[in-house]
Amino acid sequence: MFVETNICDKLRDWNIQFNVTHNCLNALLKILQTEGLNVPKDGRTLMKTPSKHTIIQMNNGSYVHFGIEQMVYPILRKHKNDLTNINNLKFGINVDGLPLASSSKSQFWPILMCIVNVKVLSKYVIPIGIFHGFEKPFSVDEFLSFFLIDALSMLENGINVDNTLYNMEIAHIVCDAPAKAFLLKVKSHNAYHGCNTCIDEGVFNKTMTFLTTNSPMRTNNSFRNKTDDSYHKGTSPLEKLPINMIDDIPVDNMHCVYVGVTKRLIKFWVKGKKDIRLLDESKNDINKSILNLRSYVPSEFARLPRSMDDIDHWKRN
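This note's numbering numbers the first residue of the sequence shown as 1 and each following residue consecutively.
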């Protein structure tokens, strides 16, 4: 029978730090056993990987909740020396749909967390729960129910790591526009009353446009009191959290800026009408500068810069 020893803690930390493959870890454990060390023969036993999870059936899919404390505790314990003089941990939350295959509608909707106020911990993307189905969750209340129970408990009680109590705070919730509308139970971003920042009513001219520059801004109080009936579709379960429903759920800059406004402007400059297009000489100079960056891009980057003529094939990451 295997009895855990101190070396197991060190091996767990080593495995997490260097992201060792399962086969490599098993091979190492086998060598250590032949040398007489009391270690398990399988990496899953060492890492305390659960043999099974409780799968919760929801209206149009299934959900597994991993738990905030269960997922965060090992990370905090490993980096306890990096948490000196830190009493509060601020978390960022992300929710989004993730297609699993191009030939199927099968998709994941993970709930992810990240510790944002401790640099060494910000690299960890922590899964808290995952929904699987063939469309987005039918009910946002049902989808977030286990997460909210967990989050409210952790916000109230904190998390204890080796007799040190860390308070928890939600810094922000970041989603793309469709996921944000789903979580907040509000109109979509392309609806007439879909602006998440102000109460301006949109004008449709081939695309939804918000032209007014001095409309009253939405606030936490106006959101919770639903002063703009045309914007709300119901009461968001996120209102149970002690957060600012406007400031703490910001605009997603990737979709809004990089593949939104920026990409559209570049298309105007490259493929728009003659009176707004860049001169060929200017465009060539810009392309030359962009392509010159290729030799300076680290190998960790998945894509190299492309010329403005390939704007239709540019990716957001």
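The C-beta atom is built at its ideal place from N, Cα and C for all residues, glycine as well.
Next item on the list: Measure how close the beta-carbons of CYS114 and GLY97 come, nearest whole angstrom, since I'm counting them as under 8 Å.
Entry: Not a contact, Cβ separation roughly 18 Å.
Checklist line | Pairwise C-alpha distance: PRO237 and ILE128 | finding: Near 17 Å, if we compare the C-alpha coordinates of PRO237 and ILE128.
Next item on the list: Check the C-beta distance from ASN117 over to LEU89 and give it rounded, since I have them as a contact under 8 Å.
Entry: 7 Å
Note to self: Is the separation between the beta-carbon of VAL270 and that of HIS232 shorter than 8 Å?
What the structure shows: No, the pair does not count as a contact, with Cβ atoms beyond the cut-off.
Notebook entry, point to check: Roughly how many angstroms lie between the CA atoms of ARG294 and ASP312, to the nearest whole one?
Noted result: Here the C-alpha atom of ARG294 lies approximately 19 Å from the C-alpha atom of ASP312.
Next item on the list: Report all residues from its chain with a CB closer than 8 Å to the CB of LEU144; omit the five preceding and five following residues, and keep chain order.
Entry: ILE111, LEU183, PRO237, LEU238
Check: For the candidate residues PHE138, VAL140, ASN167, ASP162, whose alpha-carbon lies nearest to that of LEU152?
Finding: ASN167
Checklist line | Strand pairing of TYR63, partner residues [DSSP] | finding: Looking at the DSSP output, TYR63 sits in a beta bridge with ILE56, PHE131.
Check: With ASP162 and ARG77 assumed to form a contact (beta carbons below 8 Å), what rounded beta-carbon distance in angstroms separates them?
Finding: 7 Å
Item checked: Close beta carbons around MET1, own chain, < 7 Å, minus the five adjacent residues each side -> With a pLDDT of only 47 at MET1, under the threshold of 50, the placement of this residue in the model should not be trusted; the figure read from the coordinates follows. Taken in chain order, the list of residues that qualify is empty.
Margin query: In the DSSP output, what is LYS90 paired with across the bridge?
Written below: GLU169
Next item on the list: Kindly indicate which three-state DSSP category ASP195 falls into: helix, strand or coil?
Entry: Note on identity: in this sequence residue 195 is Cys, with Asp being the wrong assignment. Coil at CYS195, not helix or strand.
Notebook entry, point to check: If you draw a straight line from the alpha carbon of GLU169 to that of ARG12, how long is it in whole angstroms?
Noted result: 28 Å
Item checked: Per DSSP, the bridge partner or partners of MET113 -> ILE93, ILE126
Note to self: Just to confirm my understanding: we take ASN15, look at its own chain, exclude 5 residues before and 5 after, and list those with CB closer than 8 Å. What are they?
What the structure shows: LEU25, GLY43, LEU46, MET47
Item checked: Cα-Cα separation between LYS123 and LEU100, rounded to whole angstroms -> 24 Å
Notebook entry, point to check: Apart from the five residues on each side of it in sequence, which residues of its chain come closer than 8 Å, Cβ to Cβ, to PHE146?
Noted result: ILE56, TYR63, HIS65, GLY129
Next item on the list: Locate the alpha helix (DSSP H) running through VAL140, then write down its first and last residues.
Entry: Note, VAL140: alpha helix (DSSP H), 140-157.
Item checked: CA-to-CA distance, THR197 to HIS189, given in whole angstroms -> 11 Å
Note to self: Taking 8 Å as the limit between beta carbons, can you name the residues of its chain near ASN287, skipping five residues before and five after?
What the structure shows: Excluding sequence neighbours, ASN287 sits near SER307, MET308, ASP309.
Note to self: Can you check which of these residues, PHE108, ILE246, GLY260, is closest to THR207 by C-alpha distance?
What the structure shows: Nearest option by C-alpha distance: GLY260.
Item checked: From ASN284, ASN160, ASP229, ILE199, residue whose alpha carbon lies closest to that of VAL72 -> ASN160
Margin query: If distances are taken between C-alpha atoms only, which option among GLY158, HIS53, ILE249, ASP229 comes closest to ALA179?
Written below: ILE249
Check: Does DSSP classify VAL323 as helix, strand or coil?
Finding: Here the chain covers residues 1 to 317 and nothing more, so residue 323 does not appear.
Next item on the list: Label PHE204 either buried or exposed according to how many other C-beta atoms from any shown protein chain fall within 10 Å of its C-beta, with 16 as the threshold for buried.
Entry: exposed
Next item on the list: May I have the straight-line CA-CA distance separating LEU304 from ARG277, to the nearest angstrom?
Entry: 25 Å
Checklist line | Runs of alpha helix (DSSP H) lying entirely within the region 172-247, each at least 4 residues, in chain order | finding: 177-184, 220-225
Next item on the list: Return yes when the Cβ of ILE75 is within less than 8 Å of the Cβ of ASN150, no when it is not.
Entry: Per the sequence presented here, residue 150 reads as Asp, with Asn not at that position. No. Outside cutoff.
Notebook entry, point to check: Just reading off the alpha helix (DSSP H) that GLY43 is part of, what are its end residues?
Noted result: From DSSP, the alpha helix (DSSP H) with GLY43 extends over 43-46.
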